[in-house]
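Participant:
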Amino acid sequence: MSVHDHGRPRGVNAIPYVFVLIWSAGAIVVKLGLQDTTALAFLALRMPIAALAVWLIILWVRPKWPYSRSGLAITVATGLLMQVVYQSCFFLALAYRLTPGMMAIILGTQPLLTGLVRFRQTHARQWLGLVLGLSGLILVVGVGALAHQVPIAGLVWGLLALLGITAGTLMQKFNSASRPILCDMAVQYSVSAVVLVVIALWLPGQSVHWTPVFTLTLGWMSLVVSVGATLLLYFMIQRGEVTRVTSLFFCVPPATVLWDFLLFGDRLSVPALIGMLLVVAGLILINRPAPGKSPRVNG
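Using numbering that gives the first Met the number 0, you'd call the opening residue of the sequence shown number 0 and step up by one each time.
1) State the beta-bridge partners of Val207 as determined by DSSP.
2) Can we say the stretch 122-130 touches the stretch 230-238, given the rule of at least three CB pairs closer than 8 Å?
3) Below 8 Å on the Cβ atoms is my guess for Val17 versus Leu231; work out the distance and round it to an integer in Å.
4) Determine, using beta carbons only, whether Pro270 and Ala103 come nearer to each other than 8 Å.
5) Using the three-state DSSP reduction, which class does Lys304 fall into: helix, strand or coil?
6) So, using beta-carbon positions, are Met46 and Leu195 closer together than 8 Å?
7) Apart from the five residues on each side of it in sequence, which residues of its chain come closer than 7 Å, Cβ to Cβ, to Leu58?
8) Closer than 6 Å by C-beta to Ala50: which residues in its own chain qualify, once you throw out the five before and the five after it? Chain order, please.
9) In chain order, what residues of the same chain lie with their CB nearer than 7 Å to the CB of Gly107, ignoring the 5 residues before and after it?
10) For the alpha helix (DSSP H) containing Gln82, name the first residue and the last one.
11) Buried or exposed for Trp258, going by 16 or more other Cβ atoms inside 10 Å?
12) Once the 5 residues before and after Ile56 are set aside, which same chain residues still bring their CB inside 8 Å of it?
13) Skipping 5 residues on each side, what residues in its chain have a beta carbon closer than 7 Å to that of His208?
14) Classify Val197: buried if its beta carbon has 16 or more other beta carbons within 10 angstroms, exposed otherwise.
15) Let me check understanding here. Comparing Cα to Cα, which of Val60, Ala228 and Val53 lies closest to Pro15?
16) Is the beta carbon of Leu154 closer than 8 Å to that of Leu97?
17) Rounded to the nearest angstrom, what separates Met101 and Gln109 at their Cα positions?
18) Assign Ala160 to buried or exposed, taking buried as 16 or more other Cβ atoms, counted over all protein chains shown, within 10 Å of its Cβ.
19) Please state if the CB of Lys30 and the CB of Pro99 are separated by a distance shorter than 8 Å.
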């Protein structure tokens, strides 16, 4: 859709910024929550709450149920990648003491993987933007993160999280068509909730300490991130070009650093400030249309 389309609802252009604001706080919130619980127990509580919230919205909105048998199977597979594989590996990477900064570097390579998969549909200017964005990403979080010993187990879980969200994002883009986003989320969350609860009950050593901090983090991750931010992500995937949508993840690490400064007082370094400028430059290049095409935005 053209940026000059006056029929675009007000507020749609702000969706990417709201998404980054919420998504970037996720690693910090998860780190706080994991002080009082194990990774899989956290997910086993989070996903059923999120699934229930989505089903309540569906009962209110009442979208048309759109699935064929094959379409339902693909939606379930996408949900397992996005919610079980990605989320579990993300939580486990942090639980195994991979720093949020290093996790951000790993997930920041998602646009490059997406570009490789969609090589013929990614233009030279976008490749330059992707390289600039990744360079800025490394400057923002890499200087501090690389100064510490990287736990191998955490690194492995982080790489698996990267593969999970990249594959899930591509499947969601190619198979969602014009289906109601809420229906996809309801199916994916419900199946994922069952799988995660079974895994948490099957594996020993899962525990939860119900502190006020954990209750708040569980609510944030279950409702604000799993429902609110994911609705925004799926909306952008459905409406936007997938390489441009995933380029938003370049903004997450700088925003996470900013959250860290606001909440814990950690000052931004000069490399971090330079890196943020590179990220902005990369995003400008990624979102500029190819010659002969009308401009698009992520909303």
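All C-beta atoms, glycine included, are put in the ideal place defined by N, C-alpha and C.
Facilitator: The answer reads as follows:
1) In the sequence shown, residue 207 corresponds to position 208, counting from 1. Bridge partners of Val207: Thr36.
2) no
3) For the purposes of this step, residue 17 is identified with residue 18 of the sequence shown, where counting begins at 1. For the purposes of this step, residue 231 is identified with residue 232 of the sequence shown, where counting begins at 1. Right, their Cβ atoms sit about 6 Å apart.
4) Position 271 of the sequence shown, counted from the first residue, corresponds to residue 270. Position 104 of the sequence shown, counted from the first residue, corresponds to residue 103. Not in contact: Pro270 and Ala103 (Cβ atoms no closer than 8 Å).
5) The structure shown does not extend to residue 304, since the chain spans only 0 to 298, so no value can be given for it.
6) Working through the sequence shown from its first residue, we reach residue 46 at position 47. Working through the sequence shown from its first residue, we reach residue 195 at position 196. Contact flag set, yes.
7) Mapped onto the sequence shown, residue 58 falls at position 59. If we look at Leu58 and ignore the five residues flanking it on each side, it has no Cβ neighbours.
8) If you number the sequence shown from 1, residue 50 lands on position 51. Same-chain partners within the cutoff: Tyr188, Ser189 and Ala192.
9) Numbered from 1 along the sequence shown, position 108 holds the residue referred to as residue 107. The residues are Leu133, Leu136, Phe248, Phe249 and Pro252.
10) Taking the first residue of the sequence shown as position 1, residue 82 is located at position 83. That residue, Gln82, is in no alpha helix (DSSP H); it is neither H nor E in DSSP.
11) Against the sequence shown, residue 258 aligns to sequence position 259. Buried, because 16 or more other Cβ atoms sit within 10 Å of the Cβ of Trp258.
12) Against the sequence shown, residue 56 aligns to sequence position 57. So the list reads Leu181 and Val226, once near-sequence residues are dropped.
13) Numbered from 1 along the sequence shown, position 209 holds the residue referred to as residue 208. Around His208: Asp35 and Thr36.
14) Indexing the sequence shown from 1 puts residue 197 at position 198. Exposed, since its Cβ has fewer than 16 Cβ neighbours within 10 Å.
15) The count along the sequence shown starts at 1 and reaches residue 15 at position 16. Nearest of Val60, Ala228 and Val53 to Pro15, Cα basis: Ala228.
16) As a position in the sequence shown, residue 97 is number 98, starting the count at 1. As a position in the sequence shown, residue 154 is number 155, starting the count at 1. Taking 8 Å as the Cβ cut-off, Leu97 and Leu154 qualify as a contacting pair.
17) As a first step, residue 101 is located in the sequence shown; it is residue number 102 there, counting from the start. As a first step, residue 109 is located in the sequence shown; it is residue number 110 there, counting from the start. When rounded, the distance between both Cα atoms is 14 Å.
18) If you number the sequence shown from 1, residue 160 lands on position 161. By the 10 Å Cβ count, Ala160 comes out buried.
19) By 1-based counting over the sequence shown, the position of residue 99 is 100. By 1-based counting over the sequence shown, the position of residue 30 is 31. The answer is yes: Cβ separation under 8 Å.
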